[in-house]
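Keeping their order, the protein sequence lines are chains G and H. Per our numbering, residue 1 is the first one in the first sequence, and the count goes up by one each step. Per our numbering, residue 307 is the first one in the second sequence, and the count goes up by one each step. Here a beta-carbon is modelled for each residue, glycine too, at the ideal position from N, C-alpha and C. Owing to the predicted nature of the structure, the values given are computational and were not obtained by experimental measurement.
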Amino acid sequence: MFRYLLRRLLGAFFVVVGITTFSFFMIRIAPGGPFDSEKMPPPEIMRNLEKKYHLDEPLMLQYARYAKDVLVHFDFGPSFRYPERSVNEFIDLGFPVTLRLAIYSMIIAVLIGISSGLIAALYQNSRWDYSAMAFAMLGVSIPDFVLGPLFQLIFGLKLHWLPIAGWDGANFYVLPSLTLGSMYAASIARLTRGGMLEITRQDFIRTARAKGLSERVVILRHMLKGGLLPVVTYLGPAAAFMMGGSMVVEKIFDVPGLGRHFVNSALNRDYTMTLGLTIFFSAIIVLFNLIVDIAYTFLDPRVKYE
Amino acid sequence: MMALLTVNNLCTTFSTPEGVVRAVDGVSFSLERGEALGVVGESGSGKSVTVMSLMRLIATPPGRIESGEAIFEGRDLLKLPEANLRSIRGDEIAMIFQDPLTSLNPFLTVKRQLTEVLETHRRMSPKKALTESIHMLELVGIPSPAKRINDYPHEFSGGMRQRVMIAMALLCRPKLLIADEPTTALDVTIQAQILELIADLRHEFGTTVILITHNLGIVAEVCDHVAVMYAGKIAEYGKMGEIFVRPRHPYTQGLLRSLPRLDEKRAARLESIVGQPPDLTLLPTGCAFHPRCEVKSEHCLREFPSAVRFGDHHYAHCWHAEDRS
Ligand SMILES: Nc1ncnc2c1ncn2[C@@H]1O[C@H](COP(=O)(O)OP(=O)(O)O)[C@@H](O)[C@H]1O
Ligand SMILES: [Mg+2]
Numbered sequence: 001m002f003r004y005l006l007r008r009l010l011g012a013f014f015v016v017v018g019i020t021t022f023s024f025f026m027i028r029i030a031p032g033g034p035f036d037s038e039k040m041p042p043p044e045i046m047r048n049l050e051k052k053y054h055l056d057e058p059l060m061l062q063y064a065r066y067a068k069d070v071l072v073h074f075d076f077g078p079s080f081r082y083p084e085r086s087v088n089e090f091i092d093l094g095f096p097v098t099l100r101l102a103i104y105s106m107i108i109a110v111l112i113g114i115s116s117g118l119i120a121a122l123y124q125n126s127r128w129d130y131s132a133m134a135f136a137m138l139g140v141s142i143p144d145f146v147l148g149p150l151f152q153l154i155f156g157l158k159l160h161w162l163p164i165a166g167w168d169g170a171n172f173y174v175l176p177s178l179t180l181g182s183m184y185a186a187s188i189a190r191l192t193r194g195g196m197l198e199i200t201r202q203d204f205i206r207t208a209r210a211k212g213l214s215e216r217v218v219i220l221r222h223m224l225k226g227g228l229l230p231v232v233t234y235l236g237p238a239a240a241f242m243m244g245g246s247m248v249v250e251k252i253f254d255v256p257g258l259g260r261h262f263v264n265s266a267l268n269r270d271y272t273m274t275l276g277l278t279i280f281f282s283a284i285i286v287l288f289n290l291i292v293d294i295a296y297t298f299l300d301p302r303v304k305y306e
Numbered sequence: 307m308m309a310l311l312t313v314n315n316l317c318t319t320f321s322t323p324e325g326v327v328r329a330v331d332g333v334s335f336s337l338e339r340g341e342a343l344g345v346v347g348e349s350g351s352g353k354s355v356t357v358m359s360l361m362r363l364i365a366t367p368p369g370r371i372e373s374g375e376a377i378f379e380g381r382d383l384l385k386l387p388e389a390n391l392r393s394i395r396g397d398e399i400a401m402i403f404q405d406p407l408t409s410l411n412p413f414l415t416v417k418r419q420l421t422e423v424l425e426t427h428r429r430m431s432p433k434k435a436l437t438e439s440i441h442m443l444e445l446v447g448i449p450s451p452a453k454r455i456n457d458y459p460h461e462f463s464g465g466m467r468q469r470v471m472i473a474m475a476l477l478c479r480p481k482l483l484i485a486d487e488p489t490t491a492l493d494v495t496i497q498a499q500i501l502e503l504i505a506d507l508r509h510e511f512g513t514t515v516i517l518i519t520h521n522l523g524i525v526a527e528v529c530d531h532v533a534v535m536y537a538g539k540i541a542e543y544g545k546m547g548e549i550f551v552r553p554r555h556p557y558t559q560g561l562l563r564s565l566p567r568l569d570e571k572r573a574a575r576l577e578s579i580v581g582q583p584p585d586l587t588l589l590p591t592g593c594a595f596h597p598r599c600e601v602k603s604e605h606c607l608r609e610f611p612s613a614v615r616f617g618d619h620h621y622a623h624c625w626h627a628e629d630r631s
């Protein structure tokens, strides 16, 4: 088990190294530069700027310096756009907010998704099943930028139950989390239903019934573990994507998270920021996939640590 | 003495896209205590559906038990409230299935799957249930059971897995053990060991057994009565010895001819029954076996044969059963 963990961590590290390298060179290939604008600064200032950011050095040297800073010191360097602030500062400020939003959204997604998926599976082809799946269909097909304003309109402007924007306490968290979580809730509901129906058809469920176990034990003990495996596999990437993809929701509800900086950095050609956040989010995706794989070995005893 | 189980006119159907299939069509038999009944027939003849109907484990829909009764110690299994039936399943009637790999839950340890039976039916404490389960594993021949009980099913070999299934079935000392092709998924050498185990345990516990197989040779080793099924009906029923010595139904005779025999030269070709098992959605008229039968007459095409009796315990549904004695 320990050796397996070590090997997986090492593998994850190399993936992040690969992403760092790839992103670094990709962003250099992209046309245009951070200091391009209608009014070019005078050449002396240009040269000073390039010196400050080591842009005058050979590309390979720049790469080596950047890779060492990022991978060894977790230092993404200064922002091109806001020279007095570092990318790390933005992460320190924005990531806790994004993380909190993602956690709440995930809790909502898991609670709603699993319970409606279970109901749909256990009452297959009943009206419960059909309505749960209809909602799931709506959930995956309505995009965030439609659902968010819709919630703001209904719960904020019409009913006055909840604030429509900001991030100042529990009641501010509700609408953004619901908006971000609903799409994932829908996917989880469908995965839960599919997984449970798959398990219901297995021989070992027939065995469990033949043993005279109560329906409760058959479902809770014999079906859930296998039936929810597809959901577990989905949760890792979903959690990572939730964090990386909350920018739309953050924009709609004016949440001071990291996603907004990501979007702005791309618009501002703030290369160190875009690069830093890309690597940061990729590392998170890699990490969550790793966590899921490890969780999987505990859930499914047939999976070996190899 | 009253029979342990009496089945009368059991009919089970499935609705399929091709129409309603009568998988079990009027099956009747009776089991004395301590008896071992072998149910043989080609695959698709309705053997599994028969016993699954008795336990009411048929998925509904598409399946449906249309009619019949199954009196088990005075109670009709087919009409009992679900809760009462549940207390019989796994306790008084236990089942072993064909493929032990898919029939055991891969996500749970053997310990969990064994002890839950005792905890459910005997209200045993987890500790007592564990001791009892280890004892049962030892009885079915699992080496170092106290250690192996913590393993998962996939960590056992095929034969050992089937032993685990058998142990699980016998935990509550059932009155009736139903084994549905318990050796079909196993290696030939392991098959013999498992059959021997079932035969031994049957005598040790005095368990009544229904053994389903498509191999008459296996029946010969364990059973004392045989029911031969064809297209959802019992074609012939009788004592083991009589069926082997004087089979009356041409289908039974075909099955016997297809057995490899030790006393014959290797050159002797194995005969198998010509033709395909019938398509239940398009059953022939009259006797369903007639398209494959060597002795059929015009009568066989028109009408299903009524039972022809040979002594108390032997009958065959064939218009020509008496012709060949
Ligand atoms: N779930 C099902 N859906 C539709 N038909 C079924 C189903 N299970 C069994 N049958 C029908 O019942 C017939 C008998 O099946 P079964 O009892 O399993 O045969 P066997 O004698 O091999 O055990 C099959 O040929 C099939 O037509
Ligand atoms: Mg079968």
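Query: Residue interval of the beta strand (DSSP E) (run including Leu343 of chain H); Result: Ala342 to Val346
Query: Contiguous beta strand (DSSP E) assignments of at least 3 residues, all confined to the region 162 to 246 of chain G; Result: none
Query: Residues that Phe320 of chain H bridges to, as DSSP identifies them; Result: H:Val327 and H:Gly369
Query: The region 343 to 355 of chain H touching the region 583 to 591 of chain H, judged by at least three CB pairs closer than 8 Å; Result: yes
Query: Short Cβ contact (8 Å threshold) for Ser336 of chain H with Thr318 of chain H; Result: no
Query: Reduced DSSP category for Pro584 of chain H - H, G, I as helix; E, B as strand; rest coil; Result: coil
Query: Buried versus exposed, by CB contacts within 10 Å (16 or more), Tyr66 of chain G; Result: buried
Query: Closer than 8 Å to chain G by CB, Thr278 of chain H; Result: Outside the modelled stretch of chain H, which goes from 307 to 631, sits residue 278 of chain H, for which no answer is possible.
Query: Residue closest to Ser141 of chain G, alpha-carbon to alpha-carbon, out of G:Ser182, G:Lys52 and G:Phe22; Result: G:Ser182
Query: Proximity of Ile340 of chain G and Gly117 of chain G at Cβ, strictly below 8 Å; Result: Examination of residue 340 of chain G is not possible in this model, given that chain G is present from 1 through 306 alone.
Query: Leu9 of chain G to Ser450 of chain H span [Cα, whole Å]; Result: 37 Å
Query: Opening and closing residue of the alpha helix (DSSP H) in which Ile516 of chain H lies; Result: Looking at the DSSP string, Ile516 of chain H is not in any alpha helix (DSSP H); the run it does join, the beta strand (DSSP E), is Thr514 to Thr519.
Query: Under 8 Å between C-beta atoms of Thr272 of chain G and Gly77 of chain G; Result: yes
Query: Burial state of Met60 of chain G (16 or more Cβ within 10 Å); Result: exposed
Query: With 16 other Cβ atoms within 10 Å as the buried cut-off, status of Tyr123 of chain G; Result: exposed
Query: Exposure label - Ala573 of chain H; buried when at least 16 CB within 10 Å; Result: Because the pLDDT at Ala573 of chain H is just 46, under 50, the model does not fix this residue reliably, and the point stays unresolved.
Query: Amino acids of chain H, ordered along the chain, whose beta-carbon sits closer than 7 Å to that of Arg206 of chain G; Result: Leu363
Query: Which listed residue (H:Glu379, H:Pro597, H:Thr322 and H:Gly332) has its alpha carbon closest to that of Thr366 of chain H; Result: H:Thr322
Query: For Arg615 of chain H, the residue or residues it bridges with in DSSP; Result: H:Tyr621
Query: Which of helix, strand or coil DSSP assigns to Val333 of chain H; Result: strand
Query: Chain-ordered residues, beta carbon under 7 Å from a heavy atom of ligand 2; Result: H:Ser349, H:Lys353, H:Ser354, H:Gln404, H:Asp486, H:Glu487 and H:Ile518
Query: Chain H contact for Glu198 of chain G (CB, 8 Å cutoff); Result: no
Query: Phe595 of chain H beta carbon near ligand 1 (any heavy atom closer than 7 Å); Result: no
Query: Check whether Leu180 of chain G and Phe151 of chain G have beta carbons under 8 Å apart; Result: no
Query: Beta-carbon contacts of Ile102 of chain G that lie in its chain and below 6 Å, excluding the five residues immediately before and after; Result: The sequence as given places Ala at residue 102 of chain G; Ile does not occur at that position. Around Ala102 of chain G: Met242 and Met243.
Query: Backbone CA spacing between Pro566 of chain H and Gln497 of chain H [nearest angstrom]; Result: 16 Å
Query: Heavy atom of ligand 1 within 7 Å of Ser409 of chain H beta-carbon; Result: no
Query: DSSP beta-bridge partners of Ala400 of chain H; Result: H:Leu483
Query: Beta-carbon separation (whole angstroms), Leu275 of chain G vs Ile91 of chain G, contact threshold 8 Å; Result: That pair is no contact at about 13 Å.
Query: beta-carbon Thr322 of chain H near ligand 1 non-hydrogen atom, thresh 7 Å; Result: yes
Query: Stretch pair the region 533 to 542 of chain H + the region 498 to 512 of chain H: three plus CB contacts closer than 8 Å; Result: no
Query: CA nearest to the CA of Glu215 of chain G, picked from H:Phe595, H:Leu589, H:Ala309 and H:Leu363; Result: H:Leu363
Query: Cβ shell of Met223 of chain G (< 8 Å), same chain only, five flanking positions each side left out; Result: Met196, Ile199, Thr200 and Ile205
Query: Cβ-Cβ distance between Glu548 of chain H and His620 of chain H below 8 Å; Result: yes
Query: Residues bridged to Tyr543 of chain H (per DSSP); Result: H:Ala533 and H:Tyr621
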